[in-house]
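J.:
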Amino acid sequence: MAESAPSSSFRTAIELYLDRCSIEQGSSPLTIQVYRRELLRFARYLQSAGHTNFEIPGPRPVLQYLGERRAAGAGPATVARALVAIRMCFRFLFSERHIAKDPSASIPTPRRFRKLPEVLSTAEVGKMLALPEADTPRRSAITRSWNCCMRRGSA
14 MAESAPSSSF RTAIELYLDR CSIEQGSSPL TIQVYRRELL RFARYLQSAG
64 HTNFEIPGPR PVLQYLGERR AAGAGPATVA RALVAIRMCF RFLFSERHIA
114 KDPSASIPTP RRFRKLPEVL STAEVGKMLA LPEADTPRRS AITRSWNCCM
164 RRGSA
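Residue numbers (the working numbering): 14 to 168.
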């Protein structure tokens, strides 16, 4: 990707959107900073591809940009955040009639995968149950869980 500064057309559109985020939506300064960085990076990408503003023909440039970000080592959460920033900027520019259509409208939102919780070993549960008696909700829940699992395992 070229590292030249985006044209004034891109910078103006980005600042209009970020002003709205800051003033009307009350976004935090950190959110504004992250969105600015993502949108400027996207604008540099579009400019290097020959576009002079955010008026692009369809979702292809957005998808190519996100693919390049992923290929360059950006994690799924980073790419998803970039898509959110881009999508919201396009939505704003379209609603304010700065662009004729929203090229990101047909891009599906990526699914977020949750990590599975870590499971306690039998020895760890045994240690917890061997702790001095304390009638706490947590101990009751652990004991109930353990008893249910033991019954299920013996069936």
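For every residue, glycine included, the Cβ atom is placed at its ideal position computed from N, Cα and C. Every value quoted in this text rests on a predicted model; they were computed, and no experiment measured them.
CB-CB under 7 Å to phenylalanine 105, same chain, minus the five flanking residues each way: which ones, in chain order?
T.: In the sequence shown, the residue the question calls residue 105 occupies position 92. For phenylalanine 105, where only same-chain residues beyond five positions count, the Cβ hits under 7 Å are Tyr30 and Arg33.
J.: Mind reading off the beta-carbon distance from isoleucine 27 to leucine 53? Whole number of angstroms is fine, and I expect it under 8 Å.
T.: Translated into positions along the sequence shown, residue 27 becomes position 14. Translated into positions along the sequence shown, residue 53 becomes position 40. The pair is a contact, with the Cβ atoms about 7 Å apart (cut-off 8 Å).
J.: Indicate whether arginine 73 and proline 19 have their beta-carbon atoms separated by less than 8 Å.
T.: Counted from its first residue, the sequence shown places residue 73 at position 60. Counted from its first residue, the sequence shown places residue 19 at position 6. No, they are not a contact pair.
J.: Given the structure, does serine 41 come close to the ligand HEM, in the sense that its CB is under 7 Å from one of the ligand's heavy atoms?
T.: Annotation note on the ligand HEM: not contained in the displayed structure, which lists no ligands.
J.: In angstroms with no decimal places, state the Cα-to-Cα distance between arginine 49 and glycine 71.
T.: In the sequence shown, counting from the first residue as 1, residue 49 sits at position 36. In the sequence shown, counting from the first residue as 1, residue 71 sits at position 58. Each residue's Cα considered, the two are about 22 Å apart.
J.: I'd like the span of the alpha helix (DSSP H) that includes serine 108, first residue to last.
T.: In the sequence shown, counting from the first residue as 1, residue 108 sits at position 95. From DSSP, the alpha helix (DSSP H) with serine 108 extends over 89-108.
J.: What do you reckon, are the CB atoms on isoleucine 112 and phenylalanine 55 nearer than 8 Å?
T.: Residue 112 sits at position 99 when you count from the first residue of the sequence shown. Residue 55 sits at position 42 when you count from the first residue of the sequence shown. No, the Cβ-Cβ distance between isoleucine 112 and phenylalanine 55 is not below 8 Å.
J.: So, at 6 Å on beta carbons, what are the nonlocal neighbours of proline 123 in its own chain, with the 5 sequence-adjacent residues on each side left out?
T.: If you number the sequence shown from 1, residue 123 lands on position 110. Hits under 6 Å: Ala93.
J.: Cα separation between glutamine 38 and arginine 157?
T.: Within the sequence shown, residue 38 is the residue found at index 25, counting from 1. Within the sequence shown, residue 157 is the residue found at index 144, counting from 1. Their Cα atoms are separated by approximately 45 Å.
J.: Which residue from Val75, Lys114, Ser108 and Glu109 puts its Cα closest to that of alanine 95?
T.: What you label residue 95 is simply residue 82 of the sequence shown in a count that begins at 1. When each option's Cα is compared against that of alanine 95, the closest is Val75.
J.: Where does valine 132 fall in DSSP's three states?
T.: The sequence position of residue 132 within the sequence shown is 119, counting from 1. The answer is coil: DSSP assigns valine 132 none of H, G, I, E or B.
J.: Short check: CB of serine 117 to CB of arginine 100, under 8 Å?
T.: One-based indexing of the sequence shown puts residue 117 at position 104. One-based indexing of the sequence shown puts residue 100 at position 87. Less than 8 Å divides the Cβ of serine 117 from the Cβ of arginine 100.
J.: Please state whether the Cβ-Cβ distance between glutamate 131 and alanine 98 is less than 8 Å.
T.: Here residue 131 is taken as the residue at index 118 of the sequence shown, counted from 1. Here residue 98 is taken as the residue at index 85 of the sequence shown, counted from 1. No, they are not a contact pair.
J.: Assuming serine 21 and threonine 65 make a contact with CB atoms under 8 Å, what is their CB distance in whole Å?
T.: For the purposes of this step, residue 21 is taken as residue 8 along the sequence shown, with counting starting at 1. For the purposes of this step, residue 65 is taken as residue 52 along the sequence shown, with counting starting at 1. No, serine 21 and threonine 65 are not in contact; Cβ-Cβ is about 10 Å, not under 8 Å.
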